[in-house]
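Enquirer:
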Ligand SMILES: [Zn+2]
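Numbering (this note's numbering), first residue to last: 1 to 479.
Right, here's the structure in full:
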């Protein structure tokens, strides 16, 4: 049997999180709003109206283009993409065709296996969304709320080689979109939509075979599953002497299978021409420079810097840059802590992430500031409080909004580490448990942990564990 390699390109539609739509002042996000409530004559395409470009859409689109290493064209055009469909009241969609806002671009995609896949971007343009239709009880309903919602369409070159790479691309794209603050990037809500173009060829060849397009995939896991199924199907077709045809396939989420929707249209069907109701989009170099200046350090760059600057393992760096607030929290805490960054990272990965998960918050929404957090670690380091107290102290600071210092004083949480008071507690425990002391001395050394627990209880958890172990060992052997 021939060995095949897979060739995948992804077409993504990204809903920008602007307040209003791309060409009118209707509310852009209609999630959970009743159908046809955020519409006006412009977005429903009534005669005699004119579109006006929303600058926020342009700005967010340009930031995304810059982050994808795409050239921001100083002159670009809007074009009409003509087609007939019930959810498109104008009979055309305003899009950008040959002279779009972004020109070229790429994403260097780090794979968990350690290699980097260079993914080229062939298309990056602004466009308006269409409405949607819904079939229910034998009737087709139409909702125009989504008409005019701002989108960036971004298409990759056929550079991806497996379903895992396609999934990884979407994971990194979603991370980037949220990092830049240009989209909520929630696939379930349609903020990030993805169609996959899939073909196969014998390993070693460079030509492209006819591809199929997979549509309506609503999660990253579904993209992975659907592409793998399609690869399997194409290999079977070719192995049995058939030819893969350029179909459009529909992913059926409930039954986990692909069905043929139609033979694919070609671009000529859309009869693109320049949008006569909008002027060419002319940007000044100053405007472009201002956008570029706004571009933050990107997640993948920050990940590399965290490894070199703080000497963190890849595993830690990857988790810490998962979102921007978390990575900023880490850096602020490292500065305040003034010790080993790896110690801060460990505390974040164990304690802070658990707290964020339980509370459903982002790191910048915590009452526990990075400085308070660093204080707590320092108190543990200095032996003022023990590790367990430190962990519970983080929660107390978060709940009360008080400083760690104030809580330690108020609640008397300081670690018992002076010999005499600790010795007194140990004596008390031993006096109260003569039977256990006898068993221990008779060889049941497993009881040591139980004695530790008793001393901790006696000191209300504040005993310095190391010193306790030492003094308790002496007391148990000596008497
Ligand atoms: Zn409108």
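Think of the CB as a built atom: it goes at the ideal place given N, C-alpha and C, for glycine as much as any other residue.
Because the structure is a prediction, the values reported are computed rather than measured.
For residue 315 and chain B, any beta-carbon pair shorter than 8 angstroms?
Expert: The structure shown contains no chain B; it is built from a single protein chain.
Enquirer: Is residue 440 helix, strand or coil by DSSP?
Expert: The answer is helix: DSSP assigns residue 440 an H, G or I state.
Enquirer: Determine contact between the segment 203-218 and the segment 14-25, defined as no fewer than three beta-carbon pairs at a distance below 8 angstroms.
Expert: The segment 203-218 vs the segment 14-25: no contact.
Enquirer: Quick one: does the C-beta of residue 39 sit closer than 7 angstroms to a heavy atom of ligand 1?
Expert: True, at least one ligand heavy atom lies under 7 angstroms from that Cβ.
Enquirer: For the beta strand (DSSP E) holding residue 94, just list the boundary residues, first then last.
Expert: Run containing residue 94: 92-95, per the beta strand (DSSP E) assignment.
Enquirer: Just the C-alpha distance for residue 447 and residue 427, rounded to the nearest angstrom, thanks.
Expert: Answer to the nearest angstrom: the Cα atoms are 16 angstroms apart.
Enquirer: In the DSSP output, which residue or residues are listed as bridge partners for residue 15?
Expert: In the DSSP output, where bridge partners are listed per residue, residue 15 has 151.
Enquirer: Whole-angstrom Cβ separation of residue 219 and residue 211, contact assumed at under 8 angstroms?
Expert: Wrong, their Cβ atoms sit about 22 angstroms apart, outside the cutoff.
Enquirer: Go to residue 251, then tell me how far its beta strand (DSSP E) extends in each direction, as first and last residue.
Expert: Element bounds for residue 251: 247-252.
Enquirer: In three-state DSSP terms, what is residue 217?
Expert: Strand at residue 217.
Enquirer: Does ligand 1 have even one heavy atom less than 7 angstroms from the beta-carbon of residue 194?
Expert: No, the Cβ of residue 194 stays beyond 7 angstroms of every heavy atom of ligand 1.
Enquirer: Ignore the nearest five residues each way along the sequence and tell me which others in residue 337's own chain have a CB closer than 7 angstroms to its CB.
Expert: These residues qualify, in order along the chain: 344, 374, 377, 378.
Enquirer: Would the C-beta of residue 21 count as close to ligand 1, meaning under 7 angstroms from any of its heavy atoms?
Expert: The answer is yes for residue 21.
Enquirer: What are the boundary residues of the alpha helix (DSSP H) that residue 477 is part of?
Expert: Counting along the chain, the alpha helix (DSSP H) containing residue 477 begins and ends at 465-478.
Enquirer: Can you tell me where the alpha helix (DSSP H) with residue 409 in it begins and where it stops?
Expert: First-last of the alpha helix (DSSP H) with residue 409: 404-411.
Enquirer: Can we say the segment 182-196 touches the segment 156-174, given the rule of at least three CB pairs closer than 8 angstroms?
Expert: These segments touch.
Enquirer: Quick one, are the C-beta atoms of residue 253 and residue 293 less than 8 angstroms apart?
Expert: Contact: no.
Enquirer: Pop quiz: residue 452 and residue 472 are said to be a contact at Cβ under 8 angstroms. What is the actual Cβ separation, rounded to whole angstroms?
Expert: Confirmed, Cβ separation roughly 7 angstroms.
Enquirer: Flag this pair as yes or no: are the beta carbons of residue 143 and residue 36 separated by less than 8 angstroms?
Expert: Yes, these two residues count as a Cβ contact at 8 angstroms.
Enquirer: Is residue 385 closer than 8 angstroms to residue 414 when the C-beta atoms are compared?
Expert: Contact: yes.
Enquirer: So is residue 70 buried or exposed if we call it buried at 16+ other beta carbons inside 10 Å?
Expert: Per the 10 Å Cβ criterion, buried.
Enquirer: For the segment 127-134 against the segment 299-306, do three or more pairs of beta-carbon atoms, one drawn from each stretch, fall closer than 8 angstroms, so that the two count as touching?
Expert: Taking 8 angstroms as the limit for Cβ pairs, the verdict is that the segment 299-306 does not touch the segment 127-134.
Enquirer: According to DSSP, is residue 324 part of a helix, a strand, or is it coil?
Expert: Residue 324: helix per DSSP, three-state reduction.
Enquirer: Just reading off the alpha helix (DSSP H) that residue 171 is part of, what are its end residues?
Expert: Run containing residue 171: 163-180, per the alpha helix (DSSP H) assignment.
Enquirer: According to the Cβ coordinates, are residue 396 and residue 179 closer than 8 angstroms?
Expert: Against a cut-off of 8 angstroms, the Cβ pair of residue 179 and residue 396 comes out as no contact.
Enquirer: Cβ-heavy atom distance between residue 42 and ligand 1 below 7 angstroms?
Expert: Residue 42: yes, Cβ under 7 angstroms from ligand 1.
Enquirer: Go to residue 121, then tell me how far its beta strand (DSSP E) extends in each direction, as first and last residue.
Expert: Residues 116-128.
Enquirer: Please report the Cβ distance between residue 75 and residue 281, rounded to the nearest whole angstrom; I am assuming they are in contact, meaning their Cβ atoms lie under 8 angstroms.
Expert: Between residue 281 and residue 75 the Cβ distance is about 7 angstroms, and since that is below 8 angstroms, they are a contact.
Enquirer: Check whether the segment 47-64 touches the segment 80-92, taking contact to mean three or more Cβ pairs, one atom from each stretch, closer than 8 angstroms.
Expert: The segment 47-64 vs the segment 80-92: no contact.
Enquirer: I'd like to know if the segment 313-329 and the segment 352-371 are in contact, where contact means that at least 3 CB-CB pairs between them fall below 8 angstroms.
Expert: These segments touch.
Enquirer: Where does residue 389 sit, in a helix, a strand or coil, going by DSSP?
Expert: Reduced to three states, the DSSP call for residue 389 is helix.
Enquirer: For residue 77, which three-state DSSP category applies?
Expert: In this structure, residue 77 counts as coil in the three-state DSSP scheme.
Enquirer: Buried or exposed: residue 263, going by 16 or more other Cβ atoms within 10 Å of its Cβ?
Expert: Residue 263 comes out exposed.
Enquirer: List the DSSP bridge partners of residue 61.
Expert: DSSP, once it has assigned bridges, lists no residue as partnering residue 61.
Enquirer: Regarding residue 131 and ligand 1, is the C-beta to nearest heavy atom distance less than 7 angstroms?
Expert: Not so, every heavy atom of ligand 1 lies at least 7 angstroms from the Cβ.
Enquirer: Nearest CA to the CA of residue 131: which residue from 28, 334, 257?
Expert: Cα-wise, what sits closest to residue 131 is 28.
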